[in-house]
Amino acid sequence: MDTDLTAAYESCRELHKRHGRTYYLATRLLPQWKRRHVHALYGFTRYADEIVDRTDDLPPADRAAALDSWSERFLAGLHGAPVDDPLLPAVLHTIAVFDLDRADFTAFLRSMAMDLTVTSYPRYTDLLDYMEGSAAVIGTMMLPILGSTDRAAAREPARQLGFAFQLTNFIRDVAEDLARGRTYLPDEDLAMFGVTRADLVDAARRRQATPPIIALIEYEVGRAQAHYAAAAPGVTLLEPASQACIRTAYALYGGILDEIAAVGYDVFARRAVVPDRRRAAVALRALLTPAGTPVTLPGPAAPVEASPAAVAPSAAAAPVSTPAAP
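Residue numbers (the numbering used here): 7 to 332.
Following this line, the structure appears as structure tokens:
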């Protein structure tokens, strides 16, 4: 491997280590040769997210221009053009090695661009359309790297795990997203519990949720649990050497729901994090768990009954034939 490519993979790894604490830990449980490819995909998704969310001092038009410029370099690289970028050579190499679906990457970039203009989602189906590009495709990108005994059967669970992980983040990070001018919890859900955006802003300011907001968050936790349940069968369909990684990520992201429940579903009181001691225990247990063992569903109780729209892909997301790791 040439020096520039090695450096690009290392840059992706450093970005992953710095920002992806939970999934970086899980990735360390993969065979060494797979890890750099997971780092490359993380680097791609994180860098795009950094352009959108870590440049708040720039006007939206400037952030859009920066995202467009980086996207154009990436797309040019896909077509064989030389790429001068600290991360993209590793991403392009990983895509070539595993013949990853280019459409997944364009879908991801589309969702990142939406974050520059869309500040709320009327219905859950609208949010699913956004998460199709920002989360579900991460699962389908990862699947060839992880390997599967039945890739067709594992595809939809991988997508569902992407939905589960991202919805978990949205539930936990309501205050952080509000600070960026966005709400990811659907407007129809807020209305169902008599909650307004102003109520969320006030709760973030006071660092305390009201009873209607607590009921809303408990409902969203149940919806996330439904995605975890839909994703669970896919873990045992992965290659045995990849199962500990995804089992760990599944348990740690799902553990955030446990932490949210433990504080009475008040996501404004403190940011829900899984304690380090539990993180280490989860990773060790995953390593010692025989391949093929079903995963334990996260959350304080069984998932609430959800409508089909709660876990079904949007029309735009329907698989062509027939998560996922974040």
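A virtual CB, placed ideally from N, CA and C, is assigned to each residue, including glycine.
Note that the structure is predicted; figures quoted are calculated from it, not measured.
Considering only the alpha carbon of each residue, which of the options lies closest to residue i?
{"i": "E138", "options": "F171, T155, L122, A159", "result": "F171"}
{"i": "T51", "options": "F104, A119, P300", "result": "A119"}
{"i": "A255", "options": "A209, A230, A289, D282", "result": "A289"}
{"i": "P95", "options": "G49, M147, V273", "result": "G49"}
{"i": "L21", "options": "K40, L35, A54", "result": "A54"}
{"i": "L149", "options": "A247, L258, V280, A197", "result": "A247"}
{"i": "A159", "options": "T216, G240, D132, D183", "result": "G240"}
{"i": "R229", "options": "R108, T174, L106", "result": "T174"}
{"i": "A72", "options": "L47, L263, A32, L115", "result": "L115"}
{"i": "R19", "options": "R41, L35, A32, L36", "result": "R41"}
{"i": "A297", "options": "V279, E245, L258, A275", "result": "E245"}
{"i": "V280", "options": "P218, L263, V143, P37", "result": "L263"}
{"i": "R284", "options": "A70, A257, Y271", "result": "A257"}
{"i": "A32", "options": "L133, R108, R253, L294", "result": "R253"}
{"i": "T295", "options": "L35, R161, Y259", "result": "L35"}
{"i": "V89", "options": "A14, L134, R157", "result": "A14"}
{"i": "W39", "options": "Y259, V103, L134, D59", "result": "V103"}
{"i": "D183", "options": "S17, P37, D59", "result": "D59"}
{"i": "R1", "options": "L134, R157, L47, D132", "result": "One cannot answer for residue 1 here, as it falls past the ends of the chain, which runs 7 to 332."}
In three-state DSSP terms, what is residue i?
{"i": "L133", "result": "helix"}
{"i": "L173", "result": "helix"}
{"i": "S126", "result": "coil"}
{"i": "L244", "result": "strand"}
{"i": "T328", "result": "Caution applies to T328, whose pLDDT of 27 falls short of 50 and renders its modelled position unreliable; the value that the coordinates give is listed next. Coil."}
Any idea if residue i is buried or exposed, counting beta-carbon neighbours within 10 angstroms, 16 or more meaning buried?
{"i": "H45", "result": "buried"}
{"i": "P163", "result": "buried"}
{"i": "R277", "result": "exposed"}
{"i": "G261", "result": "buried"}
{"i": "A286", "result": "exposed"}
{"i": "T202", "result": "exposed"}
{"i": "I223", "result": "buried"}
{"i": "D110", "result": "buried"}
{"i": "R165", "result": "buried"}
{"i": "L64", "result": "exposed"}
{"i": "D282", "result": "exposed"}
{"i": "A87", "result": "exposed"}
{"i": "D74", "result": "exposed"}
{"i": "P197", "result": "One point to set straight first is that residue 197 is Ala, not Pro, in the sequence displayed. It counts as exposed."}
{"i": "R212", "result": "exposed"}
{"i": "R2", "result": "Nothing about residue 2 can be read from this structure; the chain reaches only from 7 to 332."}
{"i": "S17", "result": "buried"}
Tell whether a beta-carbon distance below 8 Å holds between residue i and residue j.
{"i": "I101", "j": "W76", "result": "no"}
{"i": "L84", "j": "L98", "result": "yes"}
{"i": "K23", "j": "Y29", "result": "no"}
{"i": "V269", "j": "R178", "result": "no"}
{"i": "Q231", "j": "P304", "result": "yes"}
{"i": "L167", "j": "G153", "result": "no"}
{"i": "V227", "j": "I266", "result": "yes"}
{"i": "Y130", "j": "Y136", "result": "no"}
{"i": "D68", "j": "R79", "result": "no"}
{"i": "A221", "j": "F199", "result": "yes"}
{"i": "T125", "j": "G26", "result": "no"}
{"i": "P66", "j": "L122", "result": "yes"}
{"i": "T189", "j": "D205", "result": "no"}
{"i": "Q214", "j": "A275", "result": "yes"}
{"i": "M147", "j": "L106", "result": "yes"}
{"i": "A333", "j": "V143", "result": "Summary: the structure shown does not reach residue 333, with the chain confined to residues 7 through 332, and so no result is reported for it."}
Roughly how far, in whole angstroms, is the beta-carbon of residue i from the beta-carbon of residue j, given that I think they are within contact range, below 8 Å?
{"i": "F169", "j": "L191", "result": "Rounded, the Cβ-Cβ distance is 14 Å, inconsistent with contact."}
{"i": "L243", "j": "T155", "result": "6 Å"}
{"i": "A237", "j": "A292", "result": "A237 to A292, Cβ: 16 Å. No contact."}
{"i": "H43", "j": "I151", "result": "5 Å"}
{"i": "D195", "j": "Y225", "result": "7 Å"}
{"i": "A209", "j": "I219", "result": "6 Å"}
Do we get a CB-CB distance below 8 Å when we pair residue i with the residues of chain B?
{"i": "A238", "result": "In the structure shown, chain B does not exist; there is a single protein chain."}
Is any heavy atom in the ligand HEM found nearer than 7 Å to the beta carbon of residue i?
{"i": "D179", "result": "This structure simply doesn't include the ligand HEM, nor any ligand for that matter."}
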